[in-house]
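For the sequence shown, the working numbering begins at 23 and goes up steadily by one. Note that the Cβ used here is the ideal one computed from N, Cα and C, for glycine as well. These notes are about the structure you will find just below.
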Amino acid sequence: MPIKYFFAEKKRKTMAKVFITQKIPNAAIEYLQSHGIDAIMRNEVFPLSKNDLKNNIKNADVVICLLTDIIDQEIIDFAVDNGVKGFCNYAVGYNNIDVNYAKKRNIWVTNTPGVLTKTTAEMAWALLFSAARRIVEAHKFILDGKFRGWEATLLLGYDVSGKTLGIIGAGRIGTAFALMSAGFEMNVLYVDENTNSILEEKLNAKKVDLDTLLKKSDFISLHTPLTPETKYLINKDKFNLMKPNAILINTSRGTVINEKDLAEALKSKKIAYAGLDVFENEPLIEKELLNLGNVVLAPHIASGTKETRDNMAIMAAKNAVDIIQTKKPQNNVY
Ligand code: DGY
23 MPIKYFFAEK
33 KRKTMAKVFI
43 TQKIPNAAIE
53 YLQSHGIDAI
63 MRNEVFPLSK
73 NDLKNNIKNA
83 DVVICLLTDI
93 IDQEIIDFAV
103 DNGVKGFCNY
113 AVGYNNIDVN
123 YAKKRNIWVT
133 NTPGVLTKTT
143 AEMAWALLFS
153 AARRIVEAHK
163 FILDGKFRGW
173 EATLLLGYDV
183 SGKTLGIIGA
193 GRIGTAFALM
203 SAGFEMNVLY
213 VDENTNSILE
223 EKLNAKKVDL
233 DTLLKKSDFI
243 SLHTPLTPET
253 KYLINKDKFN
263 LMKPNAILIN
273 TSRGTVINEK
283 DLAEALKSKK
293 IAYAGLDVFE
303 NEPLIEKELL
313 NLGNVVLAPH
323 IASGTKETRD
333 NMAIMAAKNA
343 VDIIQTKKPQ
353 NNVY
């Protein structure tokens, strides 16, 4: 009897199983168990090797995976051959999964949109203000015992109110981020394939081409998914277009920026500052960036609040339940 048939048969006779590749909030397990599903979660925060991933998913009906798990053609083939029905990504971004191939092999792929929108937009603002007002430098200044009292020219930053804000990618998160600028009365520019009528009506935002946005903006925030088209979208040529006072914020994916070119642009003061939550080769970070004063770094935590991470866990679990119940999952990405 072929292995494929053996596993499919075995699954039909036992409780449905969901394998969660790495530690996520228990809310996922609670939701799955309350639906009569056997949930197995690894208690680790790093991805499995390819072989270990295969060994762990072969008895699962659905896999809840993280953005650090690479779900490529080989894993998809293995999953399909072993009766896995879907990969539910615990993230809104799904560049870690070969979605086109998953579609071809007829296996579901879901993500967690919506629940992290405002949280991620808030983090982009946190980075923007940290950069504009040099908060990390100021904190270090005090810890280093350098504060001697008020000084007229100490750690001067950049005003935000009334400046030009450039949004690259005006989807859910880019839109939420832009709307939060209302109190700062900014001139909002955006780049997107589509016209964003919410931003145009509420903020009088203007849709422009990328180069115009880069030339005119004081603050530039990236909210585009990582695709072959957006890889290294911001590179040396683009830094050459930016203002010397430009502050660049990235909460999308690291590879949208060429990190070496960014380090060079910051070092040579081609741009003023950067606030980064994501990196090209996480957890590795371009060495130059670690030695610069004009960058504020965070370890990919833009969606990291207790409420949001719980909601993401429940959403991923709901998608898994839909798949097990042979319904179209609510957050299917294709
Ligand atoms: C995502 O969801 O894609 C973020 O990068 C992590 O929440």
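Exposure of residue i, with buried meaning 16 or more beta-carbon neighbours within 10 Å
| i | result |
| --- | --- |
| Asn-122 | exposed |
| Pro-321 | exposed |
| Phe-261 | buried |
| Ile-189 | buried |
| Pro-47 | buried |
| Ser-274 | buried |
| Ile-220 | exposed |
| Ile-256 | buried |
| Phe-28 | Bear in mind that the predicted position of Phe-28 carries a pLDDT of just 41, short of 50, making it unreliable; the figure below should be weighed with that in mind. Phe-28 is exposed by the Cβ-count criterion. |
| Gly-167 | exposed |
| Leu-165 | exposed |
| Thr-330 | buried |
| Tyr-53 | buried |
| Asp-233 | exposed |
Any non-hydrogen atom of ligand 1 within 7 Å of residue i CB
| i | result |
| --- | --- |
| Leu-298 | no |
| Ala-124 | no |
| Gly-193 | no |
| His-57 | no |
| Gly-115 | yes |
| Ala-324 | yes |
| Leu-138 | yes |
| Leu-319 | no |
| Leu-89 | yes |
| Thr-246 | no |
| Thr-186 | no |
| Thr-134 | yes |
Proximal residues to residue i (C-beta, below 8 Å), its chain only, five neighbours per side dropped
| i | result |
| --- | --- |
| Lys-45 | Met-63, Arg-64, Asn-65, Glu-66, Val-67 |
| Trp-147 | Phe-199, Met-202 |
| Lys-407 | In this structure the chain extends from 23 to 356, so residue 407 is not present and cannot be described. |
| Pro-269 | Residue identity check: residue 269 is Ile in the sequence provided, not Pro. Leu-150, Ala-153, Ala-154, Tyr-180, Asp-240, Phe-241, Ile-242, Ile-293, Ala-294, Tyr-295, Ala-296, Gly-297, listed in sequence order. |
| Phe-169 | Phe-163 |
Residue i, enclosing alpha helix (DSSP H) - first and last residue
| i | result |
| --- | --- |
| Asp-60 | It is not in any alpha helix (DSSP H) - Asp-60 instead sits in the beta strand (DSSP E) that spans 60-63. |
| Leu-288 | 281-289 |
| Asp-210 | Looking at the sequence itself, residue 210 is Val, so the reference to Asp does not match. Careful: Val-210 lies outside any alpha helix (DSSP H), inside the beta strand (DSSP E) at 209-213. |
| Leu-236 | 232-238 |
| Val-121 | 121-126 |
| Val-158 | 157-165 |
Residues near residue i in its chain [Cβ-Cβ closer than 6 Å; skip 5 each side]
| i | result |
| --- | --- |
| Ile-345 | Val-84, Lys-107, Gly-108, Trp-130, Pro-351 |
| Arg-194 | Thr-139 |
| Leu-235 | Gly-188, Leu-211, Val-213 |
| Ile-271 | Ala-146, Leu-149, Leu-150, Ser-243, Gly-297 |
| Ser-325 | Leu-138, Thr-141, Thr-142 |
| Met-264 | Leu-236, Ile-293 |
Sequence-distant residues of the same chain with beta carbon closer than 7 Å to residue i, five excluded per side
| i | result |
| --- | --- |
| Ala-160 | Leu-177 |
| Asn-341 | Cys-110, Thr-132, Pro-351, Gln-352, Asn-353 |
| Ile-17 | Outside the displayed span of the chain (23 to 356) sits residue 17, for which this structure offers no information. |
| Phe-301 | Gly-276, Glu-281, Ile-307 |
Span of the beta strand (DSSP E), counted from its first residue to its last, around residue i
| i | result |
| --- | --- |
| Leu-187 | 186-190 |
| Ser-243 | 241-244 |
| Ala-296 | 295-298 |
| Trp-130 | 130-132 |
| Gly-193 | Neither: Gly-193 is in no beta strand (DSSP E) and is coded neither H nor E. |
Rounded straight-line distance, which links the Cα of residue j to that of residue i
| i | j | result |
| --- | --- | --- |
| Ile-59 | Asn-133 | 20 Å |
| Leu-314 | Tyr-295 | 10 Å |
| Asn-216 | Cys-110 | 27 Å |
| Ala-38 | Leu-311 | 47 Å |
| Asp-8 | Ile-42 | A query on residue 8 cannot be resolved here, the shown segment of the chain reaching from 23 to 356 and no further. |
| Val-230 | Gly-191 | 11 Å |
| Lys-291 | Pro-266 | 7 Å |
| Lys-223 | Glu-144 | For clarity, residue 223 is Glu in the given sequence; the question names Lys instead. Roughly 22 Å separates the two Cα atoms. |
| Ile-51 | Ala-339 | 8 Å |
| Asn-81 | Asp-99 | 14 Å |
| His-245 | Lys-253 | 13 Å |
| Asn-73 | Asn-303 | 22 Å |
| Asn-218 | Asn-209 | 15 Å |
| Thr-175 | Arg-156 | 13 Å |
| Met-337 | Tyr-112 | 8 Å |
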